[in-house]
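Report on the structure given below.
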Amino acid sequence: MTALRVEKLSKSFGGLRVTRNVSFTVEPGERRLIIGPNGAGKTTLFNLITGEIAPDTGHVVLFDRDVSRMASRMRPHLGMARTYQIITLFPNDSILRNVMLALLGLSARRWNPFIGLDRQRDLFEEAQAALARVGLVHLADRPLSQTSYGERRRVEIAMALAQNPRVLLLDEPFAGLSIDERRQVQGLLRGLPRELTIVMIEHNMDVALDFAERITLLHFGEVIVEGTRAEVVADHRTREVYLGE
Amino acid sequence: MKDAPRTLAAALVVLALVVLPFALSNAYYINVSSQILLFAVMALALNVLVGYAGLVSLGHAGLFAMSGYTAALLLAGGHGHLVADSAALLVAVATSAVFALLALRSTGIGFLMITLALSQIVWGIAYRWASLTNGDNGINVSTRPAPFGVALGNAWSFYYATLVVFLLCVLSMTVLVRSPFGASLRGTRDQARRMNALGYNVWLIRFLAFLFSGLWTGVAGLLFIYYNQFISPQVAALQTSAEALLMVISGGTATLLGPIVGAAIVVLMKNVVSAYVERWNLVLGVVFVLIISFMPEGLVPGSVRLCRLGWRALRERTRSDRLKLAEPAP
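Going down the list, the sequences are from chains U and W.
So in numbering that gives the first Met the number 0, spot 106 of the first sequence is number 105, and the numbers just go up one at a time.
So in numbering that gives the first Met the number 0, spot 122 of the second sequence is number 121, and the numbers just go up one at a time.
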């Protein structure tokens with residue numbers, strides 16, 4: 000069984016072919032890095048996998064189940080969670096409330112108009128636990144609008160982790176972080192359980208290299224190279240794309 | 000018990016509303032109070048969409064009128080109040096469903112324009128289909144209901160009946176806002192894309208909120224026809240929608256108190272100021288310009304902000320006074 004399989008995925012916006020016949024397979028528990036220069040179509044690929052954009056052709060298979068035609072809102076219920084490169088949080092709520100919304104999204108209680116959300120102790124405690132994992136539990140009650148950029152990045156990750164996913168898609172989780180913050184997030188990702196499958200986008204190779212087991216290099220929407228970390232780093236095409244040699 | 004002061008304040012307001020008719024004692028002012036409460040119900044209903052869902056509707060007059068006309072026609076046809084009122088609310092919710100199905104294809108300006116167009120259709124039907132609606136002459140509602148044997152013929156009893164409905168409305172809004180569904184709804188307002196990615200059905204959440212809003216708008220429509228004992232196409236006109244929207248925005252969107260305060264301002268302007276100033280619309284306009292200039296977030300959140308600022312300034316000053324006293328004289 001594979002955790003995530005992408006088969007011949009293609010997408011064009013008008014005449015621009017942003018994703019060209021992309022296929023790859025991620026095994027359960029694998030740490031996969033998707034790299035590529037700006038405009039390589041990395042985020043579009045994530046949007047196709049999560050279903051926020053419908054592909055022109057191709058399939059997305061999650062744990063041997065074809066989810067290509069499934070509405071994107073159903074996919075978190077099957078264990079797919081993502082973070083956003085451009086921070087997409089709820090600015091009017093506290094950090095804790097942001098994480099509680101992530102938990103509520105998978106609970107049937109999200110439809111309930113009669114009970115008090117503040118009285119749902121179990122959601123509250125789960126949200127606290129998720130914040131503890133990213134080291135933000137001491138800021139739980141702070142309004143999101145009064146947090147730093149690095150803290151927001153970690154809230155993004157906490158929300159995805161709170162949903163207890165089987166496949167976690169991280170879209171540039173280090174973008175805009177200071178060196179200290181980057182180390183914190185690296186440590187956090189290293190500590191995640193091995194049964195969790197992680198696919199991470201990064202355009203800066205140095206940052207995420209030691210995290211990845213296998214790497215897929217995208218360029219102009221196409222998979223150029225794929226292999227183990229050593230293979231991809233050694234490949235001359237990687238150097239061409241990144242160094243312009 | 001951090002909610003204790005709030006609960007106490009709410010209890011005091013309810014008490015004030017209960018004794019209000021004794022203080023006013025004049026039937027005219029009691030009737031104005033009833034109008035404020037019934038329009039507050041409409042403004043609270045609209046606020047579910049405008050404030051909590053972030054969907055600005057200019058079509059609520061259509062829902063208001065559908066409920067009012069349904070009840071008026073059934074009553075004129077000889078049906079009882081219970082039948083007429085239940086049917087009116089059903090029609091209001093069903094009309095909301097049709098409005099929502101069409102308008103929720105977009106948000107923002109698109110949503111506003113579609114709701115406006117739909118409510119203009121209702122207005123057109125009320126105005127043109129004279130064989131059904133009696134056109135511009137309107138329909139008389141000869142009697143008011145007598146719930147639990149209490150006749151609502153006079154200003155006092157009607158005020159108390161309206162107050163009960165109003166309090167039920169506020170209660171239902173309070174429960175909704177604090178519920179997980181309320182949190183989901185606000186989530187779709189702030190970050191619809193994220194909500195979808197978190198597993199929420201954004202469309203259905205908005206649709207249900209529209210139905211809830213439509214139901215209470217229908218209740219307000221019923222109160223309106225029983226209050227006036229008359230309905231005409233004017234009720235379905237754009238002005239009714241626009242006034243309701245002004246109530247919500249001037250009072251403060253996404254607050255419970257805001258739409259109520261907004262309803263009070265608009266109704267008082269229309270009824271009281273108009274007795275002294277012929278061009279009361281001008282006064283209303285000036286009041287709104289002032290609110291938007293000095294409290295763009297609305298009267299209720301704006302006042303809270305100004306009070307906090309004032310309080311902080313006062314504390315700073317007393318502290319610096321104390322510091323000056325503590326410093327040795329030069």
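Glycine included, C-beta positions come from ideal geometry on N, C-alpha and C.
To which residues of the same chain is SER9 of chain U closer than 8 Å at the C-beta, ignoring the five residues directly before and after it? Taking the first residue of the first sequence as 1, we reach residue 9 of chain U at position 10. Excluding residues within five positions, the ones whose Cβ falls inside 8 Å are ARG16, THR18, ARG19, ASN20, VAL21, PRO54, ASP55, THR56 and GLY57.
Q) ILE85 of chain U lies in the alpha helix (DSSP H); which residues open and close that run? A) If you number the first sequence from 1, residue 85 of chain U lands on position 86. From DSSP, ILE85 of chain U is part of no alpha helix (DSSP H); its letter is neither H nor E.
>> Since GLU51 of chain U and SER67 of chain U should fall inside the 8 Å C-beta cutoff, what is the C-beta to C-beta distance between them, to a whole number of angstroms?
In response: On the first sequence, residue 51 of chain U is found 52 positions in, with the first residue counted as 1. On the first sequence, residue 67 of chain U is found 68 positions in, with the first residue counted as 1. Actually they do not touch by this definition, with Cβ atoms about 13 Å apart.
- Thinking just about the alpha-carbon of each residue, which of W:ALA91, W:GLU315 and W:LEU19 is nearest to the one in LEU162 of chain W? Here residue 162 of chain W is taken as the residue at index 163 of the second sequence, counted from 1. Answer by Cα proximity: W:LEU19.
- Close beta carbons around SER249 of chain W, own chain, < 7 Å, minus the five adjacent residues each side: By one-based count along the second sequence, residue 249 of chain W stands at place 250. Result list for SER249 of chain W: GLY261, ILE264, PHE287, ILE290, GLY297 and LEU298, in chain order.
| request: Could you work out which residues of chain U lie near ARG205 of chain W, taking near to mean beta carbons separated by less than 7 Å? | output: Here residue 205 of chain W is taken as the residue at index 206 of the second sequence, counted from 1. Near ARG205 of chain W there are no residues of chain U at all, since even the closest Cβ is about 13 Å away, more than 7 Å.
* For the alpha helix (DSSP H) holding GLU155 of chain U, just list the boundary residues, first then last. => In the first sequence, residue 155 of chain U corresponds to position 156, counting from 1. Its alpha helix (DSSP H) spans residues 148–161.
State yes or no: is the beta carbon of TYR199 of chain W nearer than 9 Å to at least one beta carbon in chain U? Numbered from its first residue, the second sequence carries residue 199 of chain W at position 200. Taking Cβ atoms only, chain U reaches closer than 9 Å to TYR199 of chain W, which makes this a yes.
Which residues, taken in chain order from the region 59–85 of chain U, show a beta carbon closer than 7 Å to some beta carbon of chain W?
-> SER71, ARG72, PRO75, HIS76 and ARG81
DSSP-derived helix/strand/coil call for ALA145 of chain W
Position 146 of the second sequence, counted from the first residue, corresponds to residue 145 of chain W. Correct three-state label for ALA145 of chain W: coil.
- prompt: Using a Cβ-Cβ cut-off of 8 Å (strictly less than) and excluding sequence neighbours within five positions of HIS202 of chain U, which residues of its own chain qualify?
  reply: For the purposes of this step, residue 202 of chain U is taken as the residue at position 203 of the first sequence. Only ILE34, GLY35, PRO36, ASN37, ALA39, LYS41 and GLU171 meet the Cβ criterion.
Checklist line | C-beta neighbour in chain W for MET199 of chain U, strict 9 Å | finding: In the first sequence, the residue the question calls residue 199 of chain U occupies position 200. Chain W contact via Cβ: absent.
Just checking: is the beta-carbon of MET294 of chain W within a distance shorter than 9 Å of some beta-carbon in chain U?
Taking the first residue of the second sequence as position 1, residue 294 of chain W is located at position 295. Taking Cβ atoms only, chain U never reaches closer than 9 Å to MET294 of chain W, which makes this a no.
Taking only three categories from DSSP, how would you classify ASN252 of chain U?
Given that chain U is displayed from residue 0 to residue 244, the structure contains no residue 252 of chain U and the question cannot be resolved.
Cβ-based contacts, 8 Å cut-off: residues of the region 111–127 of chain U near chain W | ASN111, PRO112, PHE113, ILE114, GLY115, LEU116, ASP117 and GLN119
TODO: Go to VAL25 of chain U, then tell me how far its beta strand (DSSP E) extends in each direction, as first and last residue.
DONE: Indexing the first sequence from 1 puts residue 25 of chain U at position 26. It spans 15–25 - the beta strand (DSSP E) in which VAL25 of chain U sits, taken as one unbroken run.
Exercise. According to a CB-to-CB cut-off of less than 9 Å, which residues of the region 169–181 of chain U neighbour chain W?
Worked result: none
inquiry  = Within a Cβ cutoff of 8 Å, which residues of the same chain sit near TRP202 of chain W, ignoring the five residues on either side of it in sequence?
reply    = Here the question's residue 202 of chain W lines up with position 203 in the second sequence. Contacts found: LEU103.
*chain U beta carbons: is any one of them nearer than 9 Å to that of GLY181 of chain W?*
The residue labelled residue 181 of chain W in the question sits at position 182 within the second sequence. Cβ-Cβ to chain U under 9 Å: yes for GLY181 of chain W.
Cutoff 9 Å: PHE209 of chain W Cβ touching any chain U Cβ: Here residue 209 of chain W is taken as the residue at index 210 of the second sequence, counted from 1. By this cut-off, PHE209 of chain W is not an interface position.
Let me know the alpha helix (DSSP H) ranges lying completely inside the region 93–171 of chain W, each 4 residues or longer, listed in chain order.
-> 107–127 and 129–132
Please state the DSSP three-state secondary structure of GLU180 of chain U. Taking the first sequence and counting its residues from 1, the one referred to as residue 180 of chain U is at position 181. Helix, per DSSP.
query: How big is the Cα-Cα spacing for TYR27 of chain W and LEU43 of chain W?
result: Reading the second sequence from its first residue, position 28 is the one you call residue 27 of chain W. Reading the second sequence from its first residue, position 44 is the one you call residue 43 of chain W. So the two alpha carbons sit approximately 24 Å from each other.
**Message:** Can you give me the C-alpha to C-alpha distance between ASN153 of chain W and ALA160 of chain W, rounded to a whole angstrom?
**Reply:** The count along the second sequence starts at 1 and reaches residue 153 of chain W at position 154. The count along the second sequence starts at 1 and reaches residue 160 of chain W at position 161. Their backbone Cα atoms lie some 11 Å apart in a straight line.
Original post:
If we count the other Cβ atoms within 10 Å of its Cβ and call it buried at 16 or more, is CYS349 of chain W buried or exposed?
Top reply: Nothing can be reported for residue 349 of chain W: it is not among the residues displayed for chain W, which extend from 0 to 329.
task = Using alpha carbons as the reference points, say which of U:GLU180, U:LEU102, U:THR215 and U:ALA101 lies closest to GLU230 of chain U.
result = The sequence position of residue 230 of chain U within the first sequence is 231, counting from 1. The residue with the shortest Cα to Cα distance from GLU230 of chain U is U:THR215.
Under 9 Å, CB to CB, which of the residues in the region 144–156 of chain U have a partner in chain W?
none
Quick check on DSSP: helix, strand or coil for VAL240 of chain U?
In the first sequence, residue 240 of chain U corresponds to position 241, counting from 1. Of the three classes helix, strand and coil, the one that applies to VAL240 of chain U here is helix, per DSSP.
Worksheet entry | Closest by C-alpha distance to TYR68 of chain W, when choosing among W:LEU57, W:LEU167 and W:TRP122 | Numbered from its first residue, the second sequence carries residue 68 of chain W at position 69. Selected option, being the one with the closest Cα: W:TRP122.
Note to self: Per the DSSP calculation, SER178 of chain W is bridged to which residue(s)?
What the structure shows: As a working mapping, residue 178 of chain W is identified with position 179 in the second sequence. DSSP lists no partner for SER178 of chain W.
| field | Distance, TRP215 of chain W Cα to LEU48 of chain W Cα | value | Indexing the second sequence from 1 puts residue 48 of chain W at position 49. Indexing the second sequence from 1 puts residue 215 of chain W at position 216. Cα to Cα, the separation comes out at about 12 Å.
Worksheet item: Which chain U residues sit within Cβ distance under 7 Å of LEU175 of chain W?
Response: As a working mapping, residue 175 of chain W is identified with position 176 in the second sequence. Residues of chain U passing the Cβ test: PRO112.
Am I right that ALA125 of chain W and THR114 of chain W are in contact with their C-beta atoms under 8 Å? What's the rounded C-beta distance?
Your numbering for residue 125 of chain W matches position 126 in the second sequence. Your numbering for residue 114 of chain W matches position 115 in the second sequence. Not really, about 17 Å apart at Cβ, beyond 8 Å.
inquiry  = Quick check: what's the CA-CA separation for LEU247 of chain U versus ARG151 of chain U?
reply    = The question about residue 247 of chain U has no answer here: the residues shown for chain U are numbered 0 through 244.
Could you tell me the distance, in whole angstroms, from the CA atom of VAL164 of chain W to the CA atom of SER130 of chain W?
Locating residue 164 of chain W in the second sequence gives position 165, counting from the first residue. Locating residue 130 of chain W in the second sequence gives position 131, counting from the first residue. Going by the C-alpha atoms only, they are around 33 Å apart.
*Three-state class that DSSP yields for PHE251 of chain U in the structure shown*: There is no way to answer for residue 251 of chain U, as the model of chain U reaches only from 0 to 244.
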